Amino acid sequence: GENVEQHPSTLSVQEGDSAVIKCTYSDSASNYFPWYKQELGKRPQLIIDIRSNVGEKKDQRIAVTLNKTAKHFSLHITETQPEDSAVYFCAASFTGNQFYFGTGTSLTVIP
Amino acid sequence: SAVISQKPSRDICQRGTSLTIQCQVDSQVTMMFWYRQQPGQSLTLIATANQGSEATYESGFVIDKFPISRPNLTFSTLTVSNMSPEDSSIYLCSVPKQGTETQYFGPGTRLLVL
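Residue numbers (our numbering), protein chains in the order written: chain A, 1 to 111; chain B, 112 to 225.
Structural data, given as structure tokens:
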């Protein structure tokens with residue numbers, strides 16, 4: 001089955017700086033890569049996603065890049081704000097079937 | 112987005128007992144997924160529940176421990192059987208967004224087994 005690795009496990013940045021979270025996947029058949037944000041005690045919420053036919057996608061301060069050859073995708077958050085503090089999960093799936101999640105990154109934005 | 116509810120939202124149970132968790136969606140969906148999130152951990156897929164057929168379980172999860180029902184296209188249940196403290200987790204259902212690969216998660220059921 002699919003194996004998704006995520007780094008780093010924890011990340012602290014100063015407010016206004018950028019944050020980058022990286023994931024790798026093992027199954028070359030995976031073609032959909034969502035990112036979820038989970039605040040304490042709440043359900044995971046989709047923040048951005050990318051499909052394998054696209055190399056980069058941006059939504060305001062959030063961007064995701066995908067390197068299919070290397071089986072690697074990354075989340076970039078610019079101009080971080082304290083409300084960005086949460087746990088972020090990457091995931092990989094094939095045609096939207098079951099998701100396989102990374103181990104999560106706990107992001108802390110220091111005011 | 113789909114409106115997903117789960118019952119109960121939380122429970123404290125004694126070891127050896129069973130708990131059935133319900134997931135209700137406000138629209139018809141072909142597939143529903145059940146995940147487990149152990150304290151401080153990531154989400155692990157337990158099984159995929161399809162209406163009209165048996166659930167498909169991931170490696171490490173078996174039907175005897177986690178029986179699933181899917182009586183219609185808007186509802187599913189997950190039972191955690193013969194519970195032990197190691198079953199203390201958050202259990203979440205998820206459903207695909209219609210016409211997309213995106214999945215929405217329910218609010219979760221927080222289970223503590225003593």
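Every residue gets a Cβ at the ideal spot worked out from N, C-alpha and C, and that includes glycine. It should be emphasised that the depicted structure is a prediction, and the values quoted were computed from it without experimental measurement.
Within chain E, partners of residue i - CB distance below 7 Å
{"i": "TYR32/A", "result": "Among the chains of the structure shown, chain E does not appear; the protein chains present are A and B."}
Amino acids of chain B, ordered along the chain, whose beta-carbon sits closer than 8 Å to that of residue i
{"i": "SER93/A", "result": "GLU212"}
Closer than 8 Å to chain B by CB, residue i
{"i": "GLY55/A", "result": "no"}
{"i": "LEU46/A", "result": "yes"}
{"i": "THR103/A", "result": "yes"}
Any chain A beta carbon closer than 8 Å to residue i
{"i": "PRO218/B", "result": "yes"}
{"i": "LEU222/B", "result": "no"}
Buried versus exposed, by CB contacts within 10 Å (16 or more), residue i
{"i": "VAL54/A", "result": "exposed"}
{"i": "ASP49/A", "result": "buried"}
{"i": "LYS58/A", "result": "exposed"}
{"i": "GLY41/A", "result": "exposed"}
{"i": "SER30/A", "result": "buried"}
{"i": "GLN117/B", "result": "buried"}
{"i": "LEU138/B", "result": "In the sequence on display, residue 138/B carries Ser and not Leu. Exposed, since its Cβ has fewer than 16 Cβ neighbours within 10 Å."}
{"i": "ARG147/B", "result": "buried"}
{"i": "SER9/A", "result": "exposed"}
{"i": "THR105/A", "result": "buried"}
{"i": "LEU107/A", "result": "buried"}
{"i": "GLN60/A", "result": "exposed"}
{"i": "LEU189/B", "result": "buried"}
{"i": "THR80/A", "result": "buried"}
{"i": "ASP175/B", "result": "exposed"}
Within 8 Å, strictly: CB atoms of residue i and residue j
{"i": "TYR88/A", "j": "VAL4/A", "result": "no"}
{"i": "PRO182/B", "j": "SER192/B", "result": "no"}
{"i": "PHE186/B", "j": "GLN135/B", "result": "yes"}
{"i": "SER52/A", "j": "LEU66/A", "result": "yes"}
{"i": "ILE132/B", "j": "LEU223/B", "result": "no"}
{"i": "ALA92/A", "j": "GLN38/A", "result": "no"}
{"i": "PHE172/B", "j": "GLN98/A", "result": "no"}
{"i": "LEU203/B", "j": "LEU130/B", "result": "no"}
{"i": "TYR25/A", "j": "LYS71/A", "result": "yes"}
{"i": "SER18/A", "j": "ILE77/A", "result": "yes"}
{"i": "THR220/B", "j": "PRO150/B", "result": "no"}
{"i": "CYS90/A", "j": "GLN14/A", "result": "no"}
Chain-ordered neighbours of residue i on chain B, where CB pairs are closer than 7 Å
{"i": "GLN98/A", "result": "PHE144, LEU156, THR159"}
{"i": "ASP49/A", "result": "THR213"}
Proximal residues of chain A, C-beta to C-beta of residue i below 7 Å
{"i": "LEU203/B", "result": "ARG43"}
Residues of the segment 149-178 of chain B in Cβ contact with chain A at a cutoff of 8 Å, in chain order, please. GLN152, SER153, LEU154, THR155, LEU156, THR159, GLU169, SER170
Which of the residues in the segment 122-146 of chain B, read from start to end, lie with their CB under 9 Å from any CB of chain A? MET142, PHE144, TYR146
Taking a cut of 7 Å between CB atoms, which residues from the segment 6-30 of chain A lie near chain B? none
What residues from the segment 55-80 of chain A come within 9 Å of chain B, judged by C-beta to C-beta, listed N to C? none
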